[in-house]
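Q: At the far end of the sequence shown sits residue 180, using UniProt numbering, and the numbering has no gaps.
Following this message is one structure expressed as structure tokens.
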Amino acid sequence: MQKMIWIFSLTLLAACQNQRKANPVQKGGTAAKMWADFTDSHPEIKDEEMPEAWYFHDNKRDANRLAALTVAGRKQASSGLYTWYREANADLPKVGTKHIVTDFEGRAQCLISVTKVDTIPFFKISKAYAAMDMGTEQEPLKKWKDAHWKFFKSALSESGKEPTEDMLVVCEQFQTIWPE
């Protein structure tokens, strides 16, 4: 069941990352208001379609913690398995794509823009990238590997697969662009 949710999320967002879940956005909601405020301040993009809104991870505590780190500019990356994109026949994230990050309840927290996308084997993830993804400088690589190994293992086990040190990770870097 969880794998089906991830595949659905992947298809819905045309991108999949290990720690984000689609959030339905209703007209008049906080995501729509945030987008309207952003486009009012940046009229050159007023004709762009409102981006997808979603939260990180799969529980309230982590979703809200990661959203707060993103608002503060400390979390600047997110990671997903390449195999999830391949299985869903979805494109990898693209530089310039915008997303609205919400808290677990779906309240818009910030707007981010993708700045870089790489596909890297798990064992080659750098300390610098791990710090961007985890939002910390305290043992970021150890924390990243522990957290992501557990998450990938859990997600892959549903399809009878096991994580490997050479599995490909889609490393998406972003910057928080709103609020400014």
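We put the CB at the ideal spot given by N, CA and C, even for glycine.
Check whether the Cβ atoms of Phe174 and Gln76 sit closer than 8 Å, and answer yes or no.
A: Yes, the Cβ-Cβ distance between Phe174 and Gln76 is below 8 Å.
Q: Would you grab the beta carbon distance between His99 and Glu52 for me? Rounded to a whole angstrom, and I think it's under 8 Å.
A: His99 to Glu52, Cβ: 6 Å. Contact.
Q: Look up Leu168 in the DSSP assignment and say whether it is helix, strand or coil.
A: Correct three-state label for Leu168: strand.
Q: Alpha helix (DSSP H) containing Phe152: first to last residue?
A: Its alpha helix (DSSP H) spans residues Pro140 to Ser157.
Q: Only counting the same chain, and skipping five residues up and downstream in sequence, which positions put a Cβ closer than 8 Å to that of Thr97?
A: Counting only Cβ-Cβ distances below 8 Å, and skipping sequence neighbours, we find Ala15, Pro51, Ser113 and Val114.
Q: Is DSSP giving Ala63 helix, strand or coil here?
A: If DSSP states are grouped into helix, strand and coil, Ala63 belongs with the helices.
Q: If we count the other Cβ atoms within 10 Å of its Cβ and call it buried at 16 or more, is Ser159 buried or exposed?
A: By the 10 Å Cβ count, Ser159 comes out exposed.
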